[in-house]
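Q: To convert, note that position 151 of the sequence shown is 151 in the UniProt record's numbering; the numbers rise steadily by one, no gaps. Where a beta carbon is used, it is the ideal one built from N, C-alpha and C, also for glycine.
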Amino acid sequence: MDMTNRQRRDAGMAYISDDTIFEEQLVCRKILQKLNFMDRSDFAGIKETLKELFGKSEDAFVNPPFYCDYGKHIEVGKNFFANYNCTLLDVAKIKIGDNCQMAPNVAIYTAGHPIHPVSRNSAYEYGREVTVGDNVWFGGNTVVCPGVHIGDNVVIGAGSVVTRDIPDWCIAAGNPCRVIRKITEKDRRKLFRDEEIDGEAWQDILERMEF
1 MDMTNRQRRD
11 AGMAYISDDT
21 IFEEQLVCRK
31 ILQKLNFMDR
41 SDFAGIKETL
51 KELFGKSEDA
61 FVNPPFYCDY
71 GKHIEVGKNF
81 FANYNCTLLD
91 VAKIKIGDNC
101 QMAPNVAIYT
111 AGHPIHPVSR
121 NSAYEYGREV
131 TVGDNVWFGG
141 NTVVCPGVHI
151 GDNVVIGAGS
161 VVTRDIPDWC
171 IAAGNPCRVI
181 RKITEKDRRK
191 LFRDEEIDGE
201 AWQDILERME
211 F
């Protein structure tokens, strides 16, 4: 074979997780071991460990436990937050924009396997990149499948299974996940369903945020 399995993986081709692949994963697992068993109140320590895991981060924070395969294939923007028990299988790149939030048990999968059992049992697998825009909020127990691209300013409803691309400025939900409606100016002061943000909090928002 002219290409190594690592090269094949990074090129999006069929590859086998051989010893060189496992060596990369061992580095990640040691960092995850530290992250997932450290003092949960050590916020500064968690942030520093995330920088070690992702290579860089700007105010990224996760509530452990958190799981991934490599860490270095995950690129997060400013103010990334993942709540408890999130899993990012980063065989291929996972690119996440600024101000993105994940509720508990969110999973992003880039890894896949052949459909036919003969091909699948050969140990070959593949990865497909997932991209997420800015200002995206994932509801709890959302699953994002390989190759999906999610736009800016999107809300994904809890329990969704995202199998196809989601455009900018929309609420999407379901299994399979589908666009429910666009997010508009009428949503600016919404809190929960038709309930509005109270006057005191809204005034604070106006003073602190740019509209």
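#1: Any idea what DSSP makes of residue 129, helix, strand or coil?
#2: Which same chain residues end up closer than 8 Å to residue 34 when comparing Cβ atoms and leaving out the 5 residues on each side of it in sequence?
#3: Give me the Cβ distance between residue 154 and residue 164, rounded to the nearest whole Å; I'm assuming they're in contact under 8 Å.
#4: How far does the alpha helix (DSSP H) with residue 43 in it reach, from first residue to last?
#5: What are the boundary residues of the beta strand (DSSP E) that includes residue 6?
#6: Would you mind stating whether residue 16 and residue 123 have Cβ atoms separated by less than 9 Å?
#7: What did DSSP end up calling residue 148 once you bin it into helix, strand or coil?
#8: I'd like to confirm the pairing. Which residues does DSSP put opposite residue 137 in its beta bridges?
#9: Note down the Cα distance separating residue 72 from residue 100, rounded to an integer number of angstroms.
#10: Identify which residue in 63, 77 and 200 has its Cα closest to the Cα of residue 134.
#11: Helix, strand or coil for residue 81, going by three-state DSSP, please let me know.
#12: From what residue to what residue does the beta strand (DSSP E) around residue 118 run?
#13: Going by the CB atoms, is the gap between residue 92 and residue 128 shorter than 9 Å?
#14: Going by CA-CA distance only, name the one from 36, 157 and 150 that's closest to residue 140.
#15: Pull up the DSSP beta-bridge partners for residue 107, would you.
#16: Looking at the secondary structure, which residues open and close the beta strand (DSSP E) in which residue 94 lies?
#17: At the level of alpha carbons, what is the spacing between residue 6 and residue 60?
A: Taking the geometry as given:
#1: For the purposes of this step, residue 129 is taken as residue 129 along the sequence shown, with counting starting at 1. Three-state result, residue 129: coil.
#2: Translated into the one-based positions of the sequence shown, residue 34 becomes position 34. For residue 34, where only same-chain residues beyond five positions count, the Cβ hits under 8 Å are 49.
#3: To locate residue 154, count along the sequence shown from 1; it is residue 154. To locate residue 164, count along the sequence shown from 1; it is residue 164. The C-beta distance from residue 154 to residue 164 rounds to 13 Å, too long to fall under 8 Å, and the pair is not in contact.
#4: Position 43 of the sequence shown, counted from the first residue, corresponds to residue 43. Element bounds for residue 43: 43-54.
#5: Within the sequence shown, the letter at position 6 stands for residue 6. No beta strand (DSSP E) holds residue 6; the alpha helix (DSSP H) holding it covers 5-10.
#6: Sequence index remark: in the sequence shown, residue 16 carries index 16 (1-based). Sequence index remark: in the sequence shown, residue 123 carries index 123 (1-based). Cβ atoms of residue 16 and residue 123: closer than 9 Å.
#7: Position 148 of the sequence shown holds residue 148. Residue state, collapsed to three classes: coil.
#8: One-based indexing of the sequence shown puts residue 137 at position 137. Partner(s): 101 and 155.
#9: For the purposes of this step, residue 72 is taken as residue 72 along the sequence shown, with counting starting at 1. For the purposes of this step, residue 100 is taken as residue 100 along the sequence shown, with counting starting at 1. Taking the straight line joining both Cα atoms gives about 18 Å.
#10: In the sequence shown, counting from the first residue as 1, residue 134 sits at position 134. Cα-wise, what sits closest to residue 134 is 77.
#11: Residue numbering aside, residue 81 sits at position 81 when the sequence shown is read from its first letter. Residue state, collapsed to three classes: strand.
#12: Looking up residue 118 in the sequence shown gives position 118. Looking at the DSSP string, residue 118 is not in any beta strand (DSSP E); the run it does join, the alpha helix (DSSP H), is 117-120.
#13: To locate residue 128, count along the sequence shown from 1; it is residue 128. To locate residue 92, count along the sequence shown from 1; it is residue 92. For residue 128 and residue 92, yes; Cβs fall inside 9 Å.
#14: What you label residue 140 is simply residue 140 of the sequence shown in a count that begins at 1. For the residues 36, 157 and 150, the minimum Cα distance to residue 140 belongs to 157.
#15: What you label residue 107 is simply residue 107 of the sequence shown in a count that begins at 1. Paired residues: 87 and 143.
#16: As a first step, residue 94 must be located in the sequence shown, where it is residue number 94. It spans 94-96 - the beta strand (DSSP E) in which residue 94 sits, taken as one unbroken run.
#17: Start at 1 with the first residue of the sequence shown, and residue 6 comes out as number 6. Start at 1 with the first residue of the sequence shown, and residue 60 comes out as number 60. About 28 Å.
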